[in-house]
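In terms of our numbering, the sequence shown is residues 3 to 608.
Before any comments, here is the structure.
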Amino acid sequence: MMPVGLLGRARLAVPWVLAVLLAGGCGGTHVSNAKFQDPNPLPEGAMVVPVNGHHGGRLVYATISEPKTFNPVIANETSSTDVLDGPVYSGLVEFDNGTQQLKPGLAESWETSPDGRVWTFHLRKGVRWSDGEPFDVDDVIFTSKVVYDEKINAAVRELIKAEGKPWQWEKVDSLTLRITLPAPFGPVLEVIGSVYIVPRHKLETAYNEGRFEQMLGVNTPPDSIVGTGPYRVTEFRPGESCTLKRNPHYWKVDQNHQRLPYFDTVVFVACPDYNASYLKFQSGDSDIQDPVRPEDAPALQDDQKKGNFTLYDLGPDIATNFLWFNLNPGKDKGGKPFLEPYKLAWFKDVRFRRAASYAMDRAGMIKTALQGRGYPQYGLITTANKRWYDPNVPRFDYDPEKAKALLDEMGLKDRNGDGIREDAAGHKVEFVLYTNSENTIRKNLGQVAKDCFAKVGISCIFQPIEFNTLISHIRDDHKYDSAILGLTGGVPPDPALSQNVYRSSGLTHQWWPQQKTPGTPAEAQIDKLMDAVVQEPDTSKRREAFNKVQEIIGDQEFIVGLAREPLLVAVRNRVKGVRPSVLRLHVMYNLEELYEDKGAGQVASR
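And the structure:
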């Protein structure tokens with residue numbers, strides 16, 4: 003990671019903007035000179051962080067999406083998890099994105115039995131929820147009970163199982179937790195850190211009444227959203243902003259034993275797309291531009307001194323952009339198939355998916371959609387994930403003639419001379435391709451993909467829609483043909499944390515989520531390999547199994563990789579404590595350590 007200075011130039015609506023400006027204006031224009039007064043005693047088990055900053059100020063982060071829920075158990079989209087996972091809720095174990103090392107969280111220490119099957123966690127003394135209520139093992143046990151409940155769409159449920167069986171969570175005493183594994187399991191600490199603990203005292207009654215999934219919706223009064231993270235939600239304005247204030251009971255302190263976090267306020271400002279977020283950063287009304295798009299990089303590089311910010315080049319992105327086809331054969335409550343049977347027949351044929359990959363001009367995508375700055379993508383893991391990337395993933399490089407031959411072989415031919423293929427029954431080979439309308443890069447990629455499909459005789463109706471609407475189609479009603487989205491990668495970037503993607507039963511198994519049994523032989527094989535990835539204590543054997551997973555997905559083209567831009571982020575110079583990482587959130591992952599340098603200069607709105 004390095005600032006962009008004399009290096010070669012590289013890459014990555016607004017009715018509410020006025021309201022945000024009136025509410026506080028530019029992140030950089032708010033300066034607090036008041037001495038920090040801590041109203042509450044520090045917890046006995048406070049974690050000391052080797053940082054030395056200053057309290058006060060306001061941090062503004064412009065984002066192209068907004069929370070779909072404030073419930074961390076069911077949150078499974080970055081629009082929600084960016085706000086919740088870390089800033090508002092904490093886990094027993096944490097992962098430092100910068101050093102890529104595990105570290106203690108709500109558990110200050112742990113030990114395991116010689117066979118690795120029994121783990122004992124010791125919780126910090128004196129930790130309290132943001133409403134002042136004590137935190138203890140009962141909260142952890144309650145969270146595990148909720149996550150394992152099959153009636154609840156818990157995003158991490160499959161992660162904390164061994165051989166498909168739940169772990170056993172037991173209370174030893176109020177600050178001691180014992181977890182017994184039903185089978186060998188390698189990455190226990192990596193996985194348990196992805197379980198964000200929820201407050202039993204606030205949610206147990208609703209859970210017992212069967213209302214847990216309805217709790218902590220975006221219309222929840224802020225004082226009912228209780229966490230152990232550095233911040234608490236104090237206001238949510240749909241379509242405008244989500245405001246966080248310092249948690250007065252947070253359990254981390256700096257090297258001077260001053261309670262963290264430093265910033266008084268953090269505002270996630272909702273923008274309709276990257277254009278709006280970029281304009282907000284350019285005008286000085288936000289403090290972080292993450293990511294920087296390829297087309298914006300040259301102007302930002304030239305404007306660093308004038309705009310009082312630094313552009314950081316993080317290299318290839320770990321996140322992905324890919325296309326997939328809906329393979330879900332299910333029906334709605336009225337008995338109507340999620341998609342037309344003839345389309346399902348096309349999509350289920352691996353020749354169609356391989357033809358789609360052959361049709362993708364990735365070099366053209368990089369040249370046009372990514373302004374010449376980018377990398378072709380083939381699998382679900384990019385080169386940025388140095389530990390788990392497999393260079394041997396099958397590649398169906400751009401070859402329109404091979405695409406046409408596969409489509410011909412399927413019997414999909416242009417029977418009436420209009421340039422569009424038809425199947426044997428006369429159905430035009432046509433489908434709708436969705437992506438999220440807020441993401442201009444994916445919209446550009448989708449337009450190129452549409453043109454690529456046309457060159458091989460396929461009619462692609464490209465239709466960007468709002469992100470949360472798209473997520474509802476994918477996970478709720480399942481009524482869509484195909485989509486372009488991506489994955490940000492787990493934190494830590496271990497495939498055990500992405501079981502919900504790879505396992506056929508997973509919620510984020512995009513092309514056909516939550517299968518009761520594997521729908522294809524390939525997916526059955528992947529499920530077995532993921533058992534080895536999760537259970538095998540030998541890292542080399544885990545890697546060998548996961549390489550096979552990647553190669554099967556590549557061979558079957560369950561996802562069609564597109565192209566990925568290099569990752570750049572821009573941060574105001576007044577924001578200190580910044581340690582940018584290729585892992586999401588690239589700048590905000592150590593939010594409690596960031597602080598305002600009042601002497602670094604301010605940027606007025608322009």
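All C-beta atoms, glycine included, are put in the ideal place defined by N, C-alpha and C.
Quick check: the Cα distance between residue 252 and residue 562, rounded to an integer number of angstroms?
The straight-line gap from Cα to Cα measures roughly 44 Å.
Give me whichever residues DSSP pairs with residue 238 in a beta bridge.
Residue 238 pairs with 244.
In chain order, which continuous runs of the beta strand (DSSP E) of length 3 or greater are located wholly inside the stretch 151-200?
Counting only runs of 3 or more, we get 170-175, 178-182.
Assign residue 39 to buried or exposed, taking buried as 16 or more other Cβ atoms, counted over all protein chains shown, within 10 Å of its Cβ.
With fewer than 16 other Cβ atoms within 10 Å, it is exposed.
Ends of the alpha helix (DSSP H) at residue 454?
Segment 442-457, the alpha helix (DSSP H) holding residue 454.
Compute the distance between the beta-carbons of residue 506 and residue 521, then report whether it is under 8 Å.
Yes; because the gap between Cβ atoms is below 8 Å, this pair is in contact.
Alpha carbon to alpha carbon, how far is residue 452 from residue 356? Give it in angstroms, no decimals.
Using only the alpha carbons, I get a separation of about 16 Å.
For residue 267, write down the residues that DSSP places opposite it in a beta bridge.
In DSSP, residue 267 forms a bridge with 60, 247.
Measuring straight from C-alpha to C-alpha, what distance separates residue 19 and residue 241?
Note that residue 19 has pLDDT 28, beneath the 50 cutoff, so the model's placement of it is unreliable and the number below is only indicative. When rounded, the distance between both Cα atoms is 10 Å.
Residue 460 (DSSP reduced to helix, strand or coil)
DSSP places residue 460 in coil when its eight states are reduced to three.
Any idea if residue 117 is buried or exposed, counting beta-carbon neighbours within 10 angstroms, 16 or more meaning buried?
Around the Cβ of residue 117, a 10 Å sphere holds fewer than 16 other Cβ atoms; the residue is exposed.
State the CB to CB distance for the pair residue 126 and residue 104, rounded to an integer number of angstroms; the pair is presumed to be in contact (CB under 8 Å).
About 16 Å separates the beta carbon of residue 126 from that of residue 104, a gap too long to meet the 8 Å contact definition.
Thinking just about the alpha-carbon of each residue, which of 250, 571, 286, 315 is nearest to the one in residue 45?
Answer by Cα proximity: 250.
Short of 7 Å in beta carbon distance, which residues of its chain neighbour residue 298, apart from the five on each side in sequence? Order them along the chain.
Only 280 meet the Cβ criterion.
Taking the CB atoms as reference points, tell me whether residue 230 and residue 91 lie closer together than 8 Å.
For residue 230 and residue 91, yes; Cβs fall inside 8 Å.
Going by DSSP, which residues form a beta bridge with residue 475?
Residue pairing by DSSP leaves residue 475 without any beta bridge partner.
Within the same chain, show all residues whose beta-carbon is closer than 7 Å to that of residue 1, passing over the 5 residues directly before and after it, in chain order.
Beyond the ends of the chain as shown, which are 3 and 608, falls residue 1; an answer cannot be given.
Limits of the unbroken alpha helix (DSSP H) element including residue 522:
Per DSSP, residue 522 lies in no alpha helix (DSSP H) segment and is marked neither H nor E.
Could you tell me which residues DSSP puts in a beta bridge with residue 96?
In the DSSP output, where bridge partners are listed per residue, residue 96 has 105.
Residue 353 and residue 408: beta carbons closer than 8 Å?
Yes.
Whole-angstrom Cβ separation of residue 586 and residue 100, contact assumed at under 8 Å?
Between residue 586 and residue 100 the beta-carbon gap is near 13 Å, outside 8 Å, which marks them as no contact.
Residue span of the beta strand (DSSP E) that contains residue 484, given as start and end:
Per DSSP, residue 484 belongs to the beta strand (DSSP E) from 484-487.
Do residue 551 and residue 564 have their CB atoms nearer than 8 Å?
At least 8 Å separates the beta-carbon of residue 551 from that of residue 564.
Put residue 600 into one of helix, strand or coil per three-state DSSP.
For residue 600, the secondary structure class from DSSP, reduced to helix, strand or coil, is coil.
So the beta strand (DSSP E) residue 259 belongs to, where does it begin and stop?
Where residue 259 is concerned, there is no enclosing beta strand (DSSP E), because DSSP gives it neither an H nor an E.
Could you pull the start and end residues of the beta strand (DSSP E) that residue 434 belongs to?
For residue 434, the enclosing beta strand (DSSP E) has its first and last residue at 432-438.
Using the three-state DSSP reduction, which class does residue 556 fall into: helix, strand or coil?
Helix at residue 556.
Along the alpha helix (DSSP H) that carries residue 630, what are the first and last residues, could you check?
Absent from the model: residue 630. The displayed extent of the chain is 3 to 608, so no value can be given.
Do residue 515 and residue 477 come within 8 Å of each other at the CB atom, strictly closer than that value?
Yes. Within cutoff.
Does DSSP put residue 594 in a helix, a strand or coil?
Looking at residue 594 - three-state DSSP - the assignment turns out to be helix.
Give the straight-line distance between the Cα atoms of residue 311 and residue 277, rounded to the nearest whole angstrom.
Those two C-alpha atoms are separated by around 19 Å.
Below 8 Å, how does it come out for the stretch 409-423 and the stretch 567-577: are there three or more Cβ pairs, yes or no?
Put simply, the stretch 409-423 does not touch the stretch 567-577. Fewer than three CB pairs are less than 8 Å apart.
For residue 424: DSSP bridge partner residues
Per DSSP, 415, 430.
Boundaries of the beta strand (DSSP E) in which residue 385 is found, first to last residue
Per DSSP, residue 385 lies in no beta strand (DSSP E) segment and is marked neither H nor E.
Taking 8 Å as the threshold, find out whether the stretch 467-474 comes into contact with the stretch 496-513 through three or more Cβ pairs.
Contact fails: fewer than three Cβ-Cβ distances are below 8 Å.
How long is the line joining the alpha carbons of residue 449 and residue 464, rounded to whole angstroms?
Rounded to the nearest angstrom, the two C-alpha atoms are 7 Å apart.
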